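Below: the structure, in structure tokens.
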Amino acid sequence: MRFRLVTALAVTAALLAGGCGGDRSATKGGAGGGTRLSIATGNTTGVYYVLGGGLAELIDKHLPGHRATAEATGASVENIQRVVRGQSDIAFTLADTAADAVKGTGAFTAPQPIRALARLYGNYTQVIARTDAGITSVAGLRGKRVSTGSPNSGTEVIALRLLAAAGLDPDKDVKRQALSLPETVQGLKDGTLDALVWSGGLPTSGITDLVTSMGDKVTFVPLKDVLPAVRAAHGPVYTEGVIPKGAYGTPSDVPTIVVPNLLVVNAAMDAKLAEDLTRLLFEHKADLEKVHASAKEITLAEAPKTDPVPLHEGARKFYG
222 MRFRLVTALA VTAALLAGGC GGDRSATKGG AGGGTRLSIA TGNTTGVYYV LGGGLAELID
282 KHLPGHRATA EATGASVENI QRVVRGQSDI AFTLADTAAD AVKGTGAFTA PQPIRALARL
342 YGNYTQVIAR TDAGITSVAG LRGKRVSTGS PNSGTEVIAL RLLAAAGLDP DKDVKRQALS
402 LPETVQGLKD GTLDALVWSG GLPTSGITDL VTSMGDKVTF VPLKDVLPAV RAAHGPVYTE
462 GVIPKGAYGT PSDVPTIVVP NLLVVNAAMD AKLAEDLTRL LFEHKADLEK VHASAKEITL
522 AEAPKTDPVP LHEGARKFYG
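Going by the working numbering, the first residue of the sequence shown is number 222, and it counts up by one from there.
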């Protein structure tokens, strides 16, 4: 009996310490309530997770009364769901997924109450195949074993749209697997996958690991040919770009599709807290740049351009 009681007390304490058991969002805590903030990021080998950790450190050091934790997640779709449910306070998300959320389309059955703090850096769509699979285009993924990213991730959204733009049915024409980036990288190394789709900043450590380990046994697939169809179906949020050869040591630049990232919160977040978080991004941007080079792309000129996701009133006040 004594053992059971001690065990029960220990479990209860762990749940309370971990923030389990209910809504612990800062949307109810206000700016000065000493609330612990949860930052929804992405896979542990992706840029969201790295920058999320950097942002958490900035909050701990420079936002009095607040502590923050970067949470590993499936990324964009899941992140928005977490913010809406009050499980996370701040979230990284791709702009195309966020646009679906405010419109109530795609993965969302109704408009979601999210607001943006800032437009961040661009995510580069990276399609990589084993060289021995003979894949030179998205259409060449037909019949192949392809990882389309974690379930409910922005990568998955983009991957499915790429396949459709190439005339492929994601559920019939490819052997699709919804895997996290670490699982995906291991699958290409092991030969259990032929190709992957990944959307992330440059460089993404998981992709660096893959390219460093496999060398010329993997190749980047150019995406310029499917961009017009993607834009026609889903709008101008998808833009033309290149993965520079210096990012991963490829023989030449690789044509690709770029989508901006946003930092979003619940519409109900305290306005002063939202303003303080936005200010933090720019007053200490140099510190974020040390965490990951993608932060260099965050600028005051571009940050307010989050349409169709409305800026939070606190962020709007900061930008003036």
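Glycine included, C-beta positions come from ideal geometry on N, C-alpha and C. Quick caveat, the model's predicted, so the values are computed rather than measured.
The alpha helix (DSSP H) spanning residue i covers which residue range?
| i | result |
| --- | --- |
| P481 | Element bounds for P481: not the alpha helix (DSSP H) but the beta strand (DSSP E), 475–487. |
| T433 | 426–435 |
| V439 | No alpha helix (DSSP H) holds V439; the beta strand (DSSP E) holding it covers 439–441. |
| Q407 | 402–411 |
| I379 | 375–386 |
| E299 | 297–306 |
Does residue i pass the burial test, meaning 16 or more other C-beta atoms within 10 Å, or should it be called exposed?
| i | result |
| --- | --- |
| P481 | buried |
| A453 | exposed |
| P424 | buried |
| R351 | buried |
| S259 | buried |
| K504 | Reading the sequence as shown, one finds Glu at residue 504 and not Lys. Exposed, by the Cβ-count rule. |
| D244 | Bear in mind that a pLDDT of 44 at D244, under 50, signals an unreliable position, so the number given afterwards is only what the model happens to contain. It is exposed - the Cβ of D244 has fewer than 16 other Cβ atoms within 10 Å. |
| V530 | buried |
| L521 | exposed |
| P321 | Checking the sequence, you will find Asp at residue 321 rather than Pro. Buried is the call here. |
| A507 | exposed |
| T326 | exposed |
| A331 | exposed |
| T294 | buried |
| S473 | exposed |
| T413 | exposed |
Starting from residue i, trace the beta strand (DSSP E) both ways and give me its first and last residue.
| i | result |
| --- | --- |
| N344 | 335–351 |
| K324 | No beta strand (DSSP E) holds K324; the alpha helix (DSSP H) holding it covers 316–324. |
| L417 | 416–421 |
| Q398 | 396–398 |
| V463 | 460–464 |
Roughly how many angstroms lie between the CA atoms of residue i and residue j, to the nearest whole one?
| i | j | result |
| --- | --- | --- |
| R397 | K538 | 45 Å |
| R306 | Y269 | 20 Å |
| T357 | M490 | 46 Å |
| T433 | D411 | 15 Å |
| T248 | R340 | Interpretation of T248 is limited by its pLDDT of 42, a score under 50 that renders its predicted location unreliable; the figure taken from the coordinates is listed afterwards. Each residue's alpha carbon lies about 21 Å from the other. |
| T499 | I280 | 11 Å |
| Q407 | A354 | 16 Å |
| T440 | I428 | 12 Å |
| N291 | L338 | A small correction: the amino acid at residue 291 is Ala; Asn does not occupy that position in the sequence shown. Approximately 17 Å between the Cα atoms of the pair. |
| R288 | G274 | 12 Å |
| E461 | A316 | 15 Å |
| F329 | S374 | 13 Å |
| P285 | H533 | 21 Å |
| L370 | S401 | Correcting the residue identity first, residue 370 is Gly in this sequence and not Leu. Roughly 6 Å separates the two Cα atoms. |
| A524 | A380 | 26 Å |
| L483 | A450 | 24 Å |
Determine the closest residue to residue i out of the options, with distance taken between C-alpha atoms.
| i | options | result |
| --- | --- | --- |
| A443 | P457, L402, G436, P465 | A small fix is needed here, since residue 443 is Pro in this sequence, not Ala. Comparing Cα positions, the closest option is P465. |
| G436 | I349, I335, N487, P457 | I349 |
| E572 | G355, P472, D392, E461 | Shown here, the chain extends from 222 to 541; a query on residue 572 therefore has no answer. |
| S309 | A320, P472, A277 | A277 |
| A385 | T405, D353, A360 | A360 |
| A399 | A296, P525, G535 | A296 |
| L300 | T330, G263, P334, T326 | Reading off the sequence, residue 300 comes out as Asn, not Leu. When each option's Cα is compared against that of N300, the closest is G263. |
| T314 | T369, Y342, P332 | Y342 |
| R363 | P334, V485, A416, V271 | A416 |
| G422 | A516, D497, T471 | A516 |
Any beta carbon from chain D within less than 9 Å of residue i's own beta carbon?
| i | result |
| --- | --- |
| Y342 | Absence of chain D from the displayed structure is noted, only one protein chain being present. |
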